[in-house]
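Read through the structure below, which is laid out as C-alpha coordinates, and then see the notes.
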Amino acid sequence: MSAGEQDLVSYDLTAGLSSQNISFETFAKNIWSYIMNFYPDGPKPFFKMDIFMTLFNRTAAILEKEPSVLELTGEVTVMGPIYGEGDSLITLLSLVGMPPQKSFVFLGCYFGLGFGLSPLESLMLVFCLKCLHPTKIYLLKGHLEEPASIKSLGLDDWLVRRRIPTDSVSKASDTVIRTVASMPIAAMIGPKILCIPGGPGPIIRENGLAALKACSRMSMNQLDRSMCMEAAWTVMKLEANPVTIDDGIPTFTESQCSAFCKANGLAVIIRGRQLVNDKFLIDKPNQTFFSCNVDEGFLNYPKEVLTIVSAVAYLDNFRNYAAAMTIQGMNASFLFIRPNRQPQNNTIRRRMALEEPRRWSGAGGGRKRTITVKGERCPQKR
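In UniProt numbering, the protein residues as written are 1 to 382.
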(Lines of atoms letter the chains of each structure in order from A and count residues from 1; the text may use other names and numbers.)
(Lines give C-alpha, C1' and ligand atoms only; values in the text may rest on other atoms or scores of the structure.)
Protein backbone atom coordinates (compact mmCIF):
# COMPACT_ATOMS: atom_id res chain seq x y z
CA MET A 1 0.00 0.00 0.00
CA SER A 2 1.38 3.40 -0.95
CA ALA A 3 1.67 6.29 1.51
CA GLY A 4 -1.23 8.06 -0.18
CA GLU A 5 -3.47 5.00 0.02
CA GLN A 6 -2.49 4.50 3.66
CA ASP A 7 -3.49 8.09 4.51
CA LEU A 8 -6.98 7.41 3.15
CA VAL A 9 -7.53 4.60 5.65
CA SER A 10 -5.69 6.18 8.61
CA TYR A 11 -6.30 9.17 10.88
CA ASP A 12 -3.23 10.78 12.44
CA LEU A 13 -4.25 12.02 15.89
CA THR A 14 -0.86 13.70 16.32
CA ALA A 15 -0.90 15.65 13.04
CA GLY A 16 0.75 19.05 13.41
CA LEU A 17 2.24 18.20 16.83
CA SER A 18 5.80 18.09 18.12
CA SER A 19 6.85 16.42 21.38
CA GLN A 20 9.26 19.31 22.05
CA ASN A 21 6.44 21.84 22.17
CA ILE A 22 3.21 19.87 22.25
CA SER A 23 -0.11 21.68 21.96
CA PHE A 24 -2.61 19.73 24.04
CA GLU A 25 -5.38 21.89 22.61
CA THR A 26 -4.52 20.76 19.07
CA PHE A 27 -4.18 17.17 20.27
CA ALA A 28 -7.64 17.34 21.89
CA LYS A 29 -9.15 18.85 18.73
CA ASN A 30 -7.63 16.08 16.61
CA ILE A 31 -9.12 13.38 18.84
CA TRP A 32 -12.47 15.19 18.99
CA SER A 33 -12.55 15.45 15.20
CA TYR A 34 -11.78 11.74 14.82
CA ILE A 35 -14.65 10.80 17.15
CA MET A 36 -17.04 13.25 15.47
CA ASN A 37 -16.33 11.80 12.04
CA PHE A 38 -16.13 8.15 13.02
CA TYR A 39 -17.91 5.48 11.02
CA PRO A 40 -17.23 1.72 11.19
CA ASP A 41 -15.33 1.46 7.90
CA GLY A 42 -13.68 4.86 8.21
CA PRO A 43 -10.02 5.78 8.75
CA LYS A 44 -8.31 4.05 11.66
CA PRO A 45 -6.56 6.21 14.28
CA PHE A 46 -2.83 6.21 14.94
CA PHE A 47 -0.37 8.44 16.77
CA LYS A 48 3.34 9.06 17.13
CA MET A 49 5.07 7.27 20.00
CA ASP A 50 6.94 10.30 21.36
CA ILE A 51 3.83 12.49 21.53
CA PHE A 52 1.81 9.68 23.10
CA MET A 53 4.48 9.25 25.79
CA THR A 54 4.65 13.00 26.40
CA LEU A 55 0.89 13.16 27.00
CA PHE A 56 0.90 10.31 29.51
CA ASN A 57 4.05 11.45 31.33
CA ARG A 58 2.74 15.01 31.63
CA THR A 59 -0.61 13.74 32.94
CA ALA A 60 1.09 11.44 35.45
CA ALA A 61 3.12 14.36 36.81
CA ILE A 62 -0.13 16.25 37.48
CA LEU A 63 -2.02 13.30 38.97
CA GLU A 64 0.80 12.34 41.34
CA LYS A 65 0.54 15.71 43.07
CA GLU A 66 -3.15 15.28 43.86
CA PRO A 67 -4.40 13.71 47.12
CA SER A 68 -5.98 10.26 47.14
CA VAL A 69 -9.35 11.83 47.98
CA LEU A 70 -9.95 15.16 46.28
CA GLU A 71 -11.68 18.03 48.11
CA LEU A 72 -13.81 19.97 45.62
CA THR A 73 -16.07 22.98 46.08
CA GLY A 74 -18.40 25.02 43.93
CA GLU A 75 -20.30 23.73 40.92
CA VAL A 76 -19.02 20.36 39.69
CA THR A 77 -20.33 18.05 36.95
CA VAL A 78 -20.00 14.33 37.65
CA MET A 79 -19.49 12.01 34.69
CA GLY A 80 -19.98 8.27 35.04
CA PRO A 81 -18.05 5.50 33.25
CA ILE A 82 -17.35 6.22 29.57
CA TYR A 83 -16.31 2.69 28.52
CA GLY A 84 -14.58 4.00 25.41
CA GLU A 85 -17.79 5.46 23.98
CA GLY A 86 -16.26 8.67 22.69
CA ASP A 87 -19.50 9.82 21.05
CA SER A 88 -21.23 9.88 24.44
CA LEU A 89 -18.25 11.68 25.96
CA ILE A 90 -18.11 14.56 23.47
CA THR A 91 -21.90 14.87 23.37
CA LEU A 92 -22.14 15.30 27.14
CA LEU A 93 -19.19 17.71 27.20
CA SER A 94 -20.83 19.80 24.46
CA LEU A 95 -24.20 19.93 26.20
CA VAL A 96 -22.91 20.56 29.73
CA GLY A 97 -20.18 23.02 28.72
CA MET A 98 -16.42 22.85 28.40
CA PRO A 99 -13.61 23.65 30.82
CA PRO A 100 -12.45 26.09 32.04
CA GLN A 101 -16.03 27.41 32.28
CA LYS A 102 -17.12 24.09 33.82
CA SER A 103 -15.49 21.70 36.30
CA PHE A 104 -15.73 17.91 35.98
CA VAL A 105 -15.00 14.81 38.02
CA PHE A 106 -15.00 11.47 36.17
CA LEU A 107 -15.85 8.19 37.91
CA GLY A 108 -13.27 6.05 36.11
CA CYS A 109 -13.62 3.32 33.46
CA TYR A 110 -12.41 5.33 30.48
CA PHE A 111 -11.20 2.31 28.50
CA GLY A 112 -13.47 0.52 26.07
CA LEU A 113 -14.43 -3.12 26.44
CA GLY A 114 -13.82 -4.01 22.82
CA PHE A 115 -16.99 -2.35 21.53
CA GLY A 116 -16.39 1.35 22.19
CA LEU A 117 -15.53 3.33 19.06
CA SER A 118 -12.60 4.99 20.88
CA PRO A 119 -11.37 2.53 23.55
CA LEU A 120 -8.07 4.36 24.04
CA GLU A 121 -8.85 7.75 22.48
CA SER A 122 -11.48 8.59 25.13
CA LEU A 123 -8.79 8.36 27.81
CA MET A 124 -6.37 10.39 25.70
CA LEU A 125 -8.99 13.12 25.21
CA VAL A 126 -9.63 13.55 28.94
CA PHE A 127 -5.85 13.50 29.52
CA CYS A 128 -5.46 16.38 27.05
CA LEU A 129 -8.17 18.28 28.92
CA LYS A 130 -6.45 17.48 32.22
CA CYS A 131 -3.17 18.91 30.95
CA LEU A 132 -4.95 22.01 29.64
CA HIS A 133 -7.12 22.58 32.74
CA PRO A 134 -5.63 20.65 35.70
CA THR A 135 -7.89 22.37 38.25
CA LYS A 136 -11.07 21.88 36.21
CA ILE A 137 -10.80 18.20 35.20
CA TYR A 138 -10.49 15.51 37.88
CA LEU A 139 -10.05 11.86 36.98
CA LEU A 140 -10.81 9.05 39.43
CA LYS A 141 -9.53 5.50 39.03
CA GLY A 142 -12.13 2.85 38.16
CA HIS A 143 -11.80 -0.92 38.13
CA LEU A 144 -10.92 -0.91 34.41
CA GLU A 145 -7.81 1.10 35.28
CA GLU A 146 -6.41 -1.79 37.33
CA PRO A 147 -3.32 -3.41 35.67
CA ALA A 148 -5.00 -6.81 35.32
CA SER A 149 -8.07 -5.22 33.73
CA ILE A 150 -5.98 -3.18 31.30
CA LYS A 151 -4.05 -6.22 30.12
CA SER A 152 -7.22 -8.29 29.70
CA LEU A 153 -8.81 -5.53 27.61
CA GLY A 154 -6.02 -5.89 25.05
CA LEU A 155 -4.03 -2.68 25.50
CA ASP A 156 -0.96 -4.08 23.73
CA ASP A 157 -3.07 -4.96 20.70
CA TRP A 158 -4.63 -1.48 20.67
CA LEU A 159 -1.16 0.06 20.64
CA VAL A 160 0.04 -2.15 17.79
CA ARG A 161 -3.03 -1.24 15.74
CA ARG A 162 -2.21 2.42 16.31
CA ARG A 163 1.27 1.94 14.84
CA ILE A 164 3.29 1.89 18.04
CA PRO A 165 6.47 -0.02 17.07
CA THR A 166 6.45 -3.61 18.29
CA ASP A 167 9.65 -3.15 20.28
CA SER A 168 8.11 -0.10 22.03
CA VAL A 169 4.72 -1.59 22.94
CA SER A 170 5.88 -2.84 26.34
CA LYS A 171 7.27 0.59 27.27
CA ALA A 172 4.10 2.35 26.12
CA SER A 173 1.88 -0.14 27.96
CA ASP A 174 3.84 0.27 31.19
CA THR A 175 3.50 4.05 30.88
CA VAL A 176 -0.28 3.77 30.51
CA ILE A 177 -0.53 1.51 33.57
CA ARG A 178 1.72 3.77 35.66
CA THR A 179 -0.24 6.88 34.69
CA VAL A 180 -3.71 5.56 35.51
CA ALA A 181 -2.35 4.15 38.79
CA SER A 182 -1.69 7.78 39.78
CA MET A 183 -5.37 8.70 39.62
CA PRO A 184 -7.13 9.67 42.87
CA ILE A 185 -9.52 7.07 44.26
CA ALA A 186 -12.41 9.32 45.35
CA ALA A 187 -13.57 12.92 45.64
CA MET A 188 -15.57 14.94 48.15
CA ILE A 189 -17.84 17.65 46.76
CA GLY A 190 -18.44 19.85 49.77
CA PRO A 191 -18.69 18.11 53.16
CA LYS A 192 -21.58 15.72 52.42
CA ILE A 193 -21.14 14.27 48.91
CA LEU A 194 -18.71 11.42 48.24
CA CYS A 195 -17.86 10.45 44.65
CA ILE A 196 -16.32 6.99 44.46
CA PRO A 197 -16.21 4.69 41.41
CA GLY A 198 -17.11 1.50 43.31
CA GLY A 199 -18.55 2.10 46.74
CA PRO A 200 -17.96 1.61 50.46
CA GLY A 201 -16.56 -1.91 50.75
CA PRO A 202 -16.17 -3.71 54.09
CA ILE A 203 -12.71 -2.31 54.90
CA ILE A 204 -13.75 1.24 54.02
CA ARG A 205 -16.89 0.87 56.14
CA GLU A 206 -14.88 -0.49 59.07
CA ASN A 207 -12.23 2.26 59.01
CA GLY A 208 -14.44 5.17 57.99
CA LEU A 209 -14.19 8.18 55.72
CA ALA A 210 -11.27 9.72 57.65
CA ALA A 211 -9.11 6.66 56.96
CA LEU A 212 -10.07 6.74 53.28
CA LYS A 213 -8.99 10.38 53.05
CA ALA A 214 -5.71 9.60 54.81
CA CYS A 215 -4.74 6.57 52.71
CA SER A 216 -1.95 6.75 50.13
CA ARG A 217 -2.57 5.16 46.75
CA MET A 218 1.19 4.83 46.25
CA SER A 219 1.69 3.04 49.58
CA MET A 220 2.61 -0.61 50.02
CA ASN A 221 0.64 -0.60 53.29
CA GLN A 222 -1.95 -3.39 53.15
CA LEU A 223 -4.75 -1.24 54.59
CA ASP A 224 -4.16 1.52 52.04
CA ARG A 225 -4.00 -0.95 49.16
CA SER A 226 -7.20 -2.65 50.30
CA MET A 227 -9.12 0.62 50.52
CA CYS A 228 -7.88 1.71 47.09
CA MET A 229 -9.00 -1.62 45.66
CA GLU A 230 -12.43 -1.38 47.29
CA ALA A 231 -12.92 2.19 46.07
CA ALA A 232 -12.66 0.95 42.48
CA TRP A 233 -14.19 -2.53 42.65
CA THR A 234 -17.02 -2.57 45.22
CA VAL A 235 -20.50 -3.43 43.92
CA MET A 236 -23.95 -3.12 45.47
CA LYS A 237 -25.74 -6.36 46.41
CA LEU A 238 -29.41 -6.24 47.29
CA GLU A 239 -30.42 -7.55 50.69
CA ALA A 240 -33.59 -9.02 49.18
CA ASN A 241 -31.52 -11.03 46.71
CA PRO A 242 -28.63 -12.51 48.74
CA VAL A 243 -25.58 -13.85 46.91
CA THR A 244 -24.68 -17.44 47.73
CA ILE A 245 -21.41 -17.58 45.76
CA ASP A 246 -18.48 -15.43 46.85
CA ASP A 247 -16.58 -14.23 43.78
CA GLY A 248 -14.13 -12.20 45.84
CA ILE A 249 -15.47 -8.80 44.78
CA PRO A 250 -16.20 -6.51 47.77
CA THR A 251 -19.84 -5.55 48.23
CA PHE A 252 -22.17 -3.32 50.20
CA THR A 253 -25.89 -3.58 50.87
CA GLU A 254 -28.53 -0.90 51.24
CA SER A 255 -28.45 -0.90 55.04
CA GLN A 256 -24.64 -0.99 55.16
CA CYS A 257 -24.44 2.05 52.91
CA SER A 258 -27.04 3.92 54.95
CA ALA A 259 -25.12 3.18 58.15
CA PHE A 260 -21.82 4.30 56.56
CA CYS A 261 -23.34 7.58 55.40
CA LYS A 262 -24.90 8.26 58.80
CA ALA A 263 -21.68 7.47 60.67
CA ASN A 264 -19.59 9.70 58.42
CA GLY A 265 -21.97 12.63 57.95
CA LEU A 266 -22.63 11.97 54.26
CA ALA A 267 -25.85 12.86 52.46
CA VAL A 268 -25.16 10.89 49.29
CA ILE A 269 -22.61 8.64 47.58
CA ILE A 270 -22.23 9.01 43.81
CA ARG A 271 -20.79 5.95 42.09
CA GLY A 272 -20.58 4.33 38.66
CA ARG A 273 -19.51 0.71 39.06
CA GLN A 274 -22.64 -0.98 37.70
CA LEU A 275 -24.77 -0.56 34.61
CA VAL A 276 -27.92 1.50 34.92
CA ASN A 277 -30.54 0.24 32.49
CA ASP A 278 -33.14 2.34 30.71
CA LYS A 279 -35.74 1.96 33.46
CA PHE A 280 -33.44 1.33 36.45
CA LEU A 281 -34.57 -2.22 36.88
CA ILE A 282 -33.17 -4.23 39.75
CA ASP A 283 -33.39 -7.98 40.20
CA LYS A 284 -35.72 -9.14 42.96
CA PRO A 285 -36.53 -12.70 44.06
CA ASN A 286 -39.79 -14.07 42.64
CA GLN A 287 -40.11 -10.93 40.55
CA THR A 288 -38.47 -10.26 37.20
CA PHE A 289 -37.67 -6.63 37.91
CA PHE A 290 -38.30 -3.90 40.41
CA SER A 291 -38.57 -0.33 39.16
CA CYS A 292 -37.21 2.43 41.37
CA ASN A 293 -39.77 4.81 39.87
CA VAL A 294 -37.28 7.48 38.85
CA ASP A 295 -36.38 9.02 35.54
CA GLU A 296 -34.06 7.47 32.99
CA GLY A 297 -30.30 8.05 33.10
CA PHE A 298 -29.23 7.11 36.62
CA LEU A 299 -30.26 4.99 39.59
CA ASN A 300 -31.20 6.48 42.98
CA TYR A 301 -31.31 3.39 45.19
CA PRO A 302 -31.03 3.26 48.12
CA LYS A 303 -31.81 6.89 48.84
CA GLU A 304 -28.19 7.65 49.83
CA VAL A 305 -26.73 6.27 46.58
CA LEU A 306 -26.73 7.62 43.03
CA THR A 307 -25.33 5.30 40.35
CA ILE A 308 -24.55 7.03 37.07
CA VAL A 309 -23.31 5.83 33.67
CA SER A 310 -22.22 8.17 30.86
CA ALA A 311 -22.00 5.69 27.96
CA VAL A 312 -25.26 5.53 26.01
CA ALA A 313 -26.48 2.12 24.77
CA TYR A 314 -23.64 0.27 26.48
CA LEU A 315 -21.98 -2.38 24.26
CA ASP A 316 -24.66 -1.53 21.67
CA ASN A 317 -26.82 -4.19 23.37
CA PHE A 318 -28.35 -2.26 26.28
CA ARG A 319 -30.77 0.62 25.93
CA ASN A 320 -29.47 2.64 28.86
CA TYR A 321 -29.34 6.42 28.74
CA ALA A 322 -26.10 8.36 29.23
CA ALA A 323 -26.18 10.86 32.08
CA ALA A 324 -24.18 13.76 33.49
CA MET A 325 -24.91 15.21 36.92
CA THR A 326 -24.11 18.82 37.85
CA ILE A 327 -23.93 19.56 41.58
CA GLN A 328 -24.25 22.99 43.12
CA GLY A 329 -24.49 23.01 46.89
CA MET A 330 -26.99 20.31 47.81
CA ASN A 331 -28.90 20.52 44.55
CA ALA A 332 -28.26 18.56 41.39
CA SER A 333 -29.31 18.86 37.77
CA PHE A 334 -29.18 15.96 35.34
CA LEU A 335 -28.66 15.77 31.61
CA PHE A 336 -29.71 12.53 29.90
CA ILE A 337 -28.98 11.35 26.36
CA ARG A 338 -31.44 8.84 24.94
CA PRO A 339 -30.34 6.17 22.45
CA ASN A 340 -31.69 6.23 18.91
CA ARG A 341 -33.98 9.25 19.17
CA GLN A 342 -34.61 12.14 16.83
CA PRO A 343 -32.27 15.08 17.58
CA GLN A 344 -35.02 17.31 18.96
CA ASN A 345 -36.05 14.58 21.42
CA ASN A 346 -32.58 13.36 22.24
CA THR A 347 -31.91 15.04 25.60
CA ILE A 348 -33.75 15.45 28.90
CA ARG A 349 -32.92 17.75 31.81
CA ARG A 350 -34.02 17.21 35.40
CA ARG A 351 -33.27 18.73 38.82
CA MET A 352 -33.19 17.08 42.22
CA ALA A 353 -32.53 18.06 45.83
CA LEU A 354 -29.85 15.86 47.41
CA GLU A 355 -31.18 16.27 50.95
CA GLU A 356 -34.59 15.34 52.28
CA PRO A 357 -37.24 16.08 51.22
CA ARG A 358 -36.17 15.23 47.68
CA ARG A 359 -38.00 17.05 44.92
CA TRP A 360 -37.87 16.62 41.18
CA SER A 361 -38.38 19.37 38.63
CA GLY A 362 -37.65 20.01 34.98
CA ALA A 363 -38.74 18.65 31.65
CA GLY A 364 -37.48 17.44 28.31
CA GLY A 365 -35.41 19.84 26.29
CA GLY A 366 -31.87 21.03 26.12
CA ARG A 367 -31.70 20.93 22.34
CA LYS A 368 -28.53 21.27 20.31
CA ARG A 369 -27.78 21.06 16.63
CA THR A 370 -26.82 17.45 16.09
CA ILE A 371 -25.42 15.02 13.59
CA THR A 372 -25.56 11.25 13.64
CA VAL A 373 -22.41 9.41 14.67
CA LYS A 374 -22.52 5.62 15.07
CA GLY A 375 -26.27 5.65 15.39
CA GLU A 376 -26.21 8.15 18.27
CA ARG A 377 -26.52 11.92 18.40
CA CYS A 378 -23.46 14.12 18.75
CA PRO A 379 -23.53 17.93 18.86
CA GLN A 380 -22.42 19.58 15.66
CA LYS A 381 -19.43 21.89 15.97
CA ARG A 382 -20.41 25.47 15.29
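We treat Cβ as the ideally placed atom computed from N, Cα and C, and that holds for glycine. It should be emphasised that the depicted structure is a prediction, and the values quoted were computed from it without experimental measurement.
**OP:** Using three-state DSSP, classify ASP247 as helix, strand or coil.
**Re:** Indexing the sequence shown from 1 puts residue 247 at position 247. Three-state result, ASP247: coil.
**OP:** With DSSP as the reference, label PHE111 as helix, strand or coil.
**Re:** In the sequence shown, counting from the first residue as 1, residue 111 sits at position 111. PHE111 falls in the coil class under three-state DSSP.
Original post:
Excluding sequence positions up to five away, which residues of its chain have a Cβ less than 7 Å from the Cβ of GLY96?
Top reply: The count along the sequence shown starts at 1 and reaches residue 96 at position 96. Note on residue identity: the sequence assigns Val, not Gly, to residue 96. Excluding residues within five positions, the ones whose Cβ falls inside 7 Å are THR77, LYS102, ALA324, THR326 and LEU335.
Subject >> For ASN320, the nearest candidate out of MET227, GLY80 and ILE196 (CA to CA) >> reply: Here the question's residue 320 lines up with position 320 in the sequence shown. For the residues MET227, GLY80 and ILE196, the minimum Cα distance to ASN320 belongs to GLY80.
**OP:** Give me the Cα-Cα distance between GLU64 and THR135, rounded to the nearest whole angstrom.
**Re:** In the sequence shown, the residue the question calls residue 64 occupies position 64. In the sequence shown, the residue the question calls residue 135 occupies position 135. The C-alpha of THR135 is placed about 14 Å away from the C-alpha of GLU64.
**OP:** Going by CA-CA distance only, name the one from GLU206, GLY190, VAL312 and MET236 that's closest to GLN328.
**Re:** What you label residue 328 is simply residue 328 of the sequence shown in a count that begins at 1. The residue with the shortest Cα to Cα distance from GLN328 is GLY190.
Original post:
Name the DSSP beta bridge partners of ALA210, please?
Top reply: What you label residue 210 is simply residue 210 of the sequence shown in a count that begins at 1. Looking at the DSSP assignment, ALA210 forms no beta bridge with any residue, so it has no partner.
Original post:
Touching or not, the segment 135-155 and the segment 18-37, by the rule of three or more beta carbon pairs under 8 Å?
Top reply: Look at the beta carbons and you see the segment 135-155 not touching the segment 18-37: under three pairs across the two are nearer than 8 Å.
Original post:
In angstroms, rounded to a whole number, what distance separates the CA positions of PHE106 and ALA322?
Top reply: The residue given as residue 106 occupies position 106 in the sequence shown. The residue given as residue 322 occupies position 322 in the sequence shown. When rounded, the distance between both Cα atoms is 13 Å.
Subject >> C-beta atoms of PRO165 and HIS133 nearer than 7 Å >> reply: Start at 1 with the first residue of the sequence shown, and residue 165 comes out as number 165. Start at 1 with the first residue of the sequence shown, and residue 133 comes out as number 133. No.
Original post:
If you draw a straight line from the alpha carbon of VAL305 to that of ALA211, how long is it in whole angstroms?
Top reply: Here the question's residue 305 lines up with position 305 in the sequence shown. Here the question's residue 211 lines up with position 211 in the sequence shown. If you draw a straight line from the Cα of VAL305 to the Cα of ALA211, it comes to about 20 Å.
Original post:
Any idea if GLY74 is buried or exposed, counting beta-carbon neighbours within 10 angstroms, 16 or more meaning buried?
Top reply: Reading the sequence shown from its first residue, position 74 is the one you call residue 74. In summary, GLY74 is exposed, with fewer than 16 beta-carbon neighbours lying within 10 Å of its beta-carbon over all protein chains present.
Subject >> C-alpha distance - GLY112 paired with GLY86, whole-angstrom precision >> reply: As a working note, residue 112 is residue 112 in the sequence shown. As a working note, residue 86 is residue 86 in the sequence shown. Cα to Cα, the separation comes out at about 9 Å.
Subject >> Rounded separation between ILE270 and GLY42 - CA only >> reply: Mapped onto the sequence shown, residue 270 falls at position 270. Mapped onto the sequence shown, residue 42 falls at position 42. Each residue's alpha carbon lies about 37 Å from the other.
Original post:
Just how far apart, CA to CA, sit THR175 and CYS257?
Top reply: As a position in the sequence shown, residue 175 is number 175, starting the count at 1. As a position in the sequence shown, residue 257 is number 257, starting the count at 1. Between THR175 and CYS257, the C-alpha separation is close to 36 Å.
**OP:** Report the option in GLU230, SER118, LEU209 and LEU117 whose CA atom is closest to the CA atom of GLY265.
**Re:** As a working mapping, residue 265 is identified with position 265 in the sequence shown. When C-alpha distances from GLY265 are compared across GLU230, SER118, LEU209 and LEU117, the shortest belongs to LEU209.
**OP:** Can you tell me the Cβ-Cβ gap for MET218 and VAL69, rounded? I've got them flagged as a contact below 8 Å.
**Re:** The residue labelled residue 218 in the question sits at position 218 within the sequence shown. The residue labelled residue 69 in the question sits at position 69 within the sequence shown. Rounded, the Cβ-Cβ distance is 14 Å, inconsistent with contact.
**OP:** In the DSSP assignment, find the unbroken beta strand (DSSP E) run with GLU71 in it and report its ends.
**Re:** Walking along the sequence shown from the start, residue 71 turns up at place 71. Per DSSP, GLU71 belongs to the beta strand (DSSP E) from 69-72.
Subject >> Contact under 7 Å by Cβ, ILE51 with THR14 >> reply: Along the sequence shown, read from residue 1 onward, the residue named residue 51 stands at position 51. Along the sequence shown, read from residue 1 onward, the residue named residue 14 stands at position 14. It is a contact, given that the beta carbons lie within the stated cut-off.
Subject >> Bounding residues of the alpha helix (DSSP H) (the contiguous stretch that carries ASN57) >> reply: Here residue 57 refers to the residue found at position 57 of the sequence shown. First-last of the alpha helix (DSSP H) with ASN57: 49-63.
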